[in-house]
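**Student:**
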Amino acid sequence: MTRSLTTRRPVQTAERDLVRCAQAGEVAAFEQLAGEHADRLYAVVVRLVADRTEAEDVVQESLLRAWRGIGRFQGHSMFYTWLYRIAVNESNRALERRLRHGVATPIDEESVQIPAPARDGPASQAEQEELRHGLDTAIASLAPPYRTALVLRDIEGLSTREAAKIAGVGEAAFKSRLHQARLKVRAALGDAALIAASI
Amino acid sequence: MRALRRRDDHAWSQEHLSHYVEGDLSWRARRRLELHAEECPDCSSGIRAVRALLRLMHATADRSGAAPASIFDRVRADAARGETDVDQARET
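As given, the protein sequences belong to chains E and X, one line each in that order. Numbering-wise, the first sequence is residues 0 to 198 according to numbering that gives the first Met the number 0. Numbering-wise, the second sequence is residues 0 to 91 according to numbering that gives the first Met the number 0.
#1: Could you tell me the alpha carbon to alpha carbon distance between valine 48 of chain E and alanine 86 of chain E, rounded to whole angstroms?
#2: Can you tell me whether DSSP reads glutamine 73 of chain E as helix, strand or coil?
#3: Which class does alanine 142 of chain E belong to by DSSP, given the choice of helix, strand or coil?
#4: When the Cα atoms are used, what is the spatial distance from alanine 37 of chain E to alanine 68 of chain X?
#5: Determine the chain E residues that contact proline 67 of chain X at a beta-carbon separation under 7 angstroms, and present them in chain order.
#6: Please decide whether lysine 174 of chain E counts as near chain X, where near means a Cβ-Cβ distance under 8 angstroms.
#7: In chain order, what residues of the same chain have a beta carbon less than 6 angstroms from the beta carbon of threonine 159 of chain E, not counting five sequence neighbours either side?
#8: Any idea if glycine 74 of chain E is buried or exposed, counting beta-carbon neighbours within 10 angstroms, 16 or more meaning buried?
#9: At a CB-CB cut-off below 8 angstroms, which residues of chain E make contact with alanine 60 of chain X?
#10: Quick one, which residues of the segment 31 to 55 of chain X are near chain E if we go by CB-CB under 7 angstroms, in chain order?
#11: I believe lysine 164 of chain E touches threonine 80 of chain E by the beta-carbon criterion, under 8 angstroms. Please report the beta-carbon distance rounded to the nearest angstrom.
#12: Exposed or buried, histidine 100 of chain E, counting other C-beta atoms within 10 Å across all chains shown (16 or more means buried)?
#13: Can you tell me where the alpha helix (DSSP H) with glycine 34 of chain E in it begins and where it stops?
#14: Which residue marks the beginning of the alpha helix (DSSP H) containing alanine 195 of chain E, and which one marks its end?
#15: Which residues in the same chain as arginine 29 of chain X place their Cβ atom closer than 8 angstroms to its Cβ, once the five residues preceding and following it in sequence are excluded?
#16: State the start and end residues of the unbroken alpha helix (DSSP H) segment that holds histidine 57 of chain X.
#17: So, are the CB atoms of proline 143 of chain E and leucine 94 of chain E less than 8 angstroms apart?
#18: Measure the C-alpha to C-alpha separation of cysteine 39 of chain X and histidine 9 of chain X and round it to an integer number of angstroms.
#19: Could you name the residues of chain X that histidine 178 of chain E contacts, counting a contact when the two beta carbons are closer than 7 angstroms?
#20: Can you tell me whether alanine 117 of chain E is helix, strand or coil according to DSSP?
#21: From this set, E:Val45, E:Lys183, E:Leu98, which residue's C-alpha is nearest glycine 64 of chain X's C-alpha?
#22: With a Cβ-Cβ cutoff of 8 angstroms, do leucine 141 of chain E and leucine 177 of chain E count as a contact?
#23: Who are the neighbours of arginine 67 of chain E on chain X, taking C-beta pairs under 8 angstroms?
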């Protein structure tokens, strides 16, 4: 279930050229470089902060940090890994701010989209809708490190190695978080509902 | 194999279903879980539930959602400020 990012080789030539130009202060090069990952980056942040408006703010801030810090990017990892890590850290800061201000995690109705099969009847659609909302709530209730693990690995489909690098932990610690997160989400949704939805 | 079976197999299996599905268990641990699941409807349906959860989460990936056009606004503003600063420094 991992996506094509796993097949990329570290810092390809075109990317390296863009990095060099961005490091020299060419904003167009930076936009091209980061723009290639913008849609997926935004999707990840929407999952992490569960709010599209806040996600837009977090992505803007992440890109600003990346732009200002591009001189420190040395190409030892893929550019997107470096960029995602900045965005994950920025998302966690946003969640901490929200906690400090006692704001409950908003559940953005559009943040989780389960494609309903075309031949679904009304009852099945209602069940899907309930499960969709349940999944949203369960993910939003996870502590940030567990949410990050689940979003990067199970929703975004990154490999364990990539996701652990982005989360800033070792693979063993990452796996532990992932299994705990799955256990919590499964408990929240219930086995019967999950199995019924998959039939 | 019977030696592998323990009284706490159920609680242990429930906590390791995700490890099992992911392939993160040793051969011995995998057999322990499989032997228990053969006799335990909760754990055998738990395995199906974990697989269903993974499919469900994968299906929710927002692949078509485009990032808003505004995401580079702060970068552009910062870059423009930088250029202005350079111009002002040249003038002085």
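By construction, the Cβ of each residue, glycine as well, lies at the ideal position given by its N, Cα and C atoms.
**Tutor:** From the atom records:
#1: 11 angstroms
#2: Of the three classes helix, strand and coil, the one that applies to glutamine 73 of chain E here is coil, per DSSP.
#3: coil
#4: 10 angstroms
#5: Glu55
#6: yes
#7: Contacts found: Glu170.
#8: exposed
#9: Ala42, Ile154, Glu155, Gly156
#10: Ser44, Gly45, Arg47, Ala48, Val49, Ala51, Leu52, Leu53, Arg54, Leu55
#11: 5 angstroms
#12: exposed
#13: 26 to 34
#14: 190 to 197
#15: Tyr19
#16: Where histidine 57 of chain X is concerned, the enclosing alpha helix (DSSP H) starts and stops at 40 to 58.
#17: With respect to the 8 angstroms criterion, proline 143 of chain E and leucine 94 of chain E are classified as neighbours on the basis of their beta carbons.
#18: Roughly 8 angstroms between the two C-alpha positions.
#19: The answer, in chain order, is Ser17, His18.
#20: Interpretation of alanine 117 of chain E is limited by its pLDDT of 39, a score under 50 that renders its predicted location unreliable; the figure taken from the coordinates is listed afterwards. In the structure shown, alanine 117 of chain E sits in coil (DSSP, three-state: anything other than H, G, I, E or B).
#21: Closest in alpha carbon position to glycine 64 of chain X, among E:Val45, E:Lys183, E:Leu98, is E:Val45.
#22: no
#23: Result: Asp77.
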